[in-house]
Structure formats: structure tokens, C-alpha cells
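Here the structure is laid out as C-alpha cells; the discussion comes afterwards.
Numbering (UniProt numbering), first residue to last: 1 to 220.
Now the structure itself:
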């Protein structure tokens with residue numbers, strides 16, 4: 001009986017984690033495309049292939065052996081991760097589980113295996129520098145960006161956003177955008193409410209997204 005319970009519990013946790021990365025995938029796609037459209041409009045209008053705007057993901061670069069030696073350090077025992085290419089690091093709780101996640105641009109996923117509270121770090125690398133910080137990029141088309149964000153979440157995930165808030169803020173002295181919202185995920189066997197806290201920043205040609213997921217109500 002204990003083995004069955006742990007198996008069921010593990011499947012619930014995995015369901016929540018996979019859906020959280022699904023949300024992150026949509027967020028990254030729409031926001032990165034909006035940022036790129038706003039900041040490199042002329043390039044798009046000149047019929048530049050959109051794929052030429054993006055560098056390979058870190059995972060692809062790792063697979064292709066195109067990274068410099070020792071570009072990252074990952075101590076899973078102490079839950080410490082450092083990425084020297086993107087100049088980002090994370091020192092987490094020792095009892096949390098960490099891996100590279102399942103999304104293409106996720107460089108780190110870490111979570112509590114009992115509660116499914118988790119965090120991801122995602123980086124999108126472009127072939128050019130926008131020459132603007134993320135506040136300036138957002139201010140080019142704030143209404144359009146918010147509308148597209150809402151449509152992507154509600155349309156692709158078939159869920160409504162609740163208690164949405166937006167704020168211009170900082171992360172490590174770098175200007176960032178902070179979003180917080182709640183949504184419900186339903187499946188044939190699972191249903192849970194989730195709070196997402198997302199913080200995004202731009203540095204050079206790197207677009208960072210730090211996302212915290214907090215399940216608040218689960219019904220299985």
C-alpha cells in the first residue's frame with residue numbers, strides 16, 4: 001500500500017511540474033517574440049527569417065559541444081548551480097530536487113518533491129543586442145504586450161487568469177518586469193490551483209525569465 005501511495009504521489013507531482021513548464025513555454029514564446037518584434041521591427045520588415053534572430057538554446061549548444069569548457073557548475077548534492085556563460089547562479093535548499101527541466105530554454109529547474117513548489121530559470125539568446133532595457137522595450141507597446149500575454153495563456157491553456165498584477169522592478173540591480181497571477185489546471189484525474197510569479201530581465205542579448213510556481217489547492 002505504501003508503494004502504491006508513493007507512486008500516485010510521484011505521478012501527481014510530475015503532472016504539476018510538467019504543466020508548470022508548459023505554462024513557462026507559452027510565456028517565453030509570446031513574450032520573447034513580442035520583445036523581438038518591438039525592438040527589431042526594421043529587421044522583421046526587411047524579411048529577415050525569424051529563426052535568424054535566435055541563437056541555439058543552451059541545451060543545443062551543450063549537445064553540439066559548442067560551449068566553452070567549464071561554462072557551468074552544477075552541484076546537485078548542495079543544490080548549487082552556476083552558469084558562467086549567462087552570468088547567473090542559484091543556491092537552493094539542499095532537500096530540493098534540481099535538474100535541467102524539459103523546456104528547450106530551461107537551464108535549471110528546482111522543486112520540492114513533496115509540495116511541487118518549484119522554480120525555473122530560462123534564457124533566450126538572440127543574435128543581436130536590442131540596445132534597450134526591458135522597461136523601454138515594454139513601453140514601446142504595453143497594451144499589445146499585455147493583450148497577447150493574456151490571450152496566449154487563456155487560449156492555449158484553456159484557463160482564465162485570476163488576480164493578475166504587473167510591476168516594473170529590479171533583480172540584482174537590473175531592470176525587470178514582474179508578473180503575478182493565478183490559474184487553475186484541470187485534467188481527467190487532476191485539478192489544482194497555481195500561483196505563478198514571473199520576473200524577466202534583459203542583459204545584452206540574453207533574455208532571462210525566473211519563474212516561481214506555488215500550487216495552492218490540489219484535488220486528485
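Even glycine gets a Cβ: it sits at the ideal position worked out from N, Cα and C.
Determine the extent of the alpha helix (DSSP H) in which residue i is found, giving its start and end residues.
i, result
"residue 240", "Here the chain comprises residues numbered 1 to 220, so residue 240 is not present and cannot be evaluated."
Do you know offhand how far residue i's Cα is from residue j's?
i, j, result
"residue 91", "residue 97", "12 Å"
"residue 57", "residue 193", "30 Å"
"residue 120", "residue 171", "15 Å"
"residue 216", "residue 154", "19 Å"
"residue 191", "residue 113", "18 Å"
"residue 84", "residue 201", "17 Å"
"residue 59", "residue 125", "12 Å"
"residue 167", "residue 149", "15 Å"
"residue 180", "residue 162", "9 Å"
"residue 68", "residue 101", "22 Å"
"residue 44", "residue 140", "Any reading at residue 44 must be qualified, since the residue scores a pLDDT of 47, below 50, and its modelled position is unreliable; the value itself is stated next. Taking the straight line joining both Cα atoms gives about 16 Å."
"residue 142", "residue 71", "35 Å"
"residue 138", "residue 184", "27 Å"
"residue 108", "residue 213", "14 Å"
"residue 199", "residue 169", "9 Å"
"residue 53", "residue 116", "35 Å"
With distance defined between alpha-carbon atoms, name the residue in the options nearest to residue i.
i, options, result
"residue 196", "210, 141 and 187", "210"
"residue 146", "133, 165 and 158", "165"
"residue 186", "169, 198, 199 and 158", "158"
"residue 93", "87, 111 and 86", "111"
"residue 106", "123, 117, 116 and 115", "123"
Tell me where the beta strand (DSSP E) around residue i begins and ends.
i, result
"residue 182", "174-186"
"residue 194", "191-203"
Is residue i close to chain C? Criterion is C-beta to C-beta, closer than 8 Å.
i, result
"residue 158", "No chain C appears in this structure, which consists of one protein chain only."
Runs of beta strand (DSSP E) lying entirely within the stretch 114-167, each at least 3 residues, in chain order: Whole beta strand (DSSP E) segments, 3+ residues: 118-125.
Segment contact flag, the stretch 193-208 with the stretch 126-141, C-beta cutoff 8 Å, min 3 pairs: Yes, the stretch 193-208 is in contact with the stretch 126-141.
Every unbroken beta strand (DSSP E) inside the stretch 72-113 [3 residues or more]: Counting only unbroken stretches of 3 or more residues, the beta strand (DSSP E) elements lying wholly within the stretch 72-113 are 72-75, 80-83, 88-91, 97-99 and 106-111, in sequence order.
Touch test, the stretch 161-175 against the stretch 61-81, Cβ-Cβ under 8 Å, three pairs minimum: Short answer: they don't touch.
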